[in-house]
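Residue numbers (the numbering used here): 24 to 328.
Think of the CB as a built atom: it goes at the ideal place given N, C-alpha and C, for glycine as much as any other residue.
Bear in mind the structure is a predicted one, so any value in this text is a computation, not a measurement.
This report concerns only the one structure given below.
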């Protein structure tokens with residue numbers, strides 16, 4: 024089993040970390056039976072390097088931001104479709120990009136107290152590492168191929184969990200939220216977590232592991248976007264959302280509905296990732312998003328503007 028981890032401030036993600044993940048998958052596929060992703064410290068990862076993103080946003084370095092998002096999306100997709108099983112070992116805070124790594128893994132072996140969630144809306148953004156895609160696809164995966172189902176209720180739940188930055192208080196709650204699978208493991212004893220993760224990885228390899236087959240889904244499209252935006256407007260009128268919460272929610276709605284044309288064809292993963300990337304970059308250009316980023320970075324306070 025090849026083990027890979029990264030040690031940055033709060034195990035945050037930057038371009039070097041993303042590149043390391045890609046190299047680790049290549050090495051594991053060539054020389055090992057499985058890959059285990061585990062980090063030192065009390066937290067698995069708090070997500071993207073906020074200082075880096077804030078600096079680039081304030082300097083209007085849009086192409087640098089776009090390249091970082093594209094690289095991170097590629098890394099999580101690489102984990103997801105690796106030819107060998109990938110087991111993530113989350114603990115403590117597993118937020119934003121940290122959870123996106125887990126969503127891309129074949130399996131998870133978590134600490135009981137894992138606090139997992141996609142919290143990007145708190146800094147005025149949307150998930151930028153395939154989190155929107157993978158959480159949605161996980162919600163839809165039980166729908167049989169070729170069966171026509173109204174997916175809007177599934178989309179609404181994912182929108183609600185992401186827009187509210189819902190964070191689990193435990194690994195078990197993360198399973199019920201769909202962040203982890205019900206088949207994922209929970210290690211009670213910290214000293215055994217890595218050993219149990221390796222055993223899980225080798226068990227998958229020994230059972231003839233095969234990566235998932237990419238799927239496409241017919242999403243709600245323009246009709247769904249309008250329905251979700253109406254719901255956001257009602258929540259805004261009731262004081263549940265701020266003006267900028269509604270802006271971010273509308274961007275999320277467009278991603279989750281496959282864009283305006285999502286109902287006219289089966290939407291591929293690549294199309295959803297492109298929508299996610301565009302929304303992330305465009306929100307970096309929103310002054311209120313920058314205010315949120317700066318507030319958390321400088322004052323350690325979540326700004327609701």
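For residue 220, there is no enclosing beta strand (DSSP E); the residue is part of the alpha helix (DSSP H) that begins and ends at 213-229. Residue pairing by DSSP places residue 68 opposite 117 in a beta bridge. A distance below 6 Å between beta-carbons, with the five flanking residues on each side excluded, links residue 291 to the following residues of its chain, in chain order: 239. For residue 109, no alpha helix (DSSP H) encloses it; the enclosing beta strand (DSSP E) starts and ends at 109-111. Within the same chain, and ignoring the five residues on either side of residue 271 in sequence, the residues whose Cβ sits closer than 6 Å to its Cβ are 144. Look at the region 40-105 and you find these whole runs of beta strand (DSSP E), each 3 residues long or longer: 58-60. For residue 29, the secondary structure class from DSSP, reduced to helix, strand or coil, is coil. Residue environment for residue 168: exposed (fewer than 16 other C-beta atoms within 10 angstroms of its C-beta).
The beta carbons of residue 132 and residue 223 sit about 5 Å from each other, so the pair counts as a contact at 8 Å. Note on residue 70: 16 or more other CB atoms within 10 angstroms of its CB, so buried under the neighbour-count rule. Separation of residue 202 and residue 141 (C-alpha to C-alpha, rounded to the nearest whole angstrom) is 9 Å. Sequence-distant partners of residue 95 (beyond 5 residues in either direction) whose C-beta falls short of 8 Å from its own C-beta, in its chain, are 36, 41, 71, 120, 123, 151, 152 and 153. Inter-residue distance for residue 85 and residue 308 is about 8 Å (C-alpha atoms, whole angstroms). Residues of the same chain with a CB within less than 7 Å of the CB of residue 162, apart from the 5 flanking positions on each side, are 177, 180, 181 and 201 in chain order.
Contact check for residue 209 against residue 220 fails: the beta carbons are separated by 8 Å or more.
Annotation for residue 237: 104, 291 and 292 place their beta carbon closer than 8 Å to its own, counting only its chain and skipping 5 residues before and after.
For residue 61, the CB contacts under 7 Å within the same chain, skipping 5 residues up- and downstream, are 26, 28, 112, 217 and 220 in chain order. Distances from the alpha-carbon of residue 110 to those of 164, 30, 80 and 206 put 206 closest.
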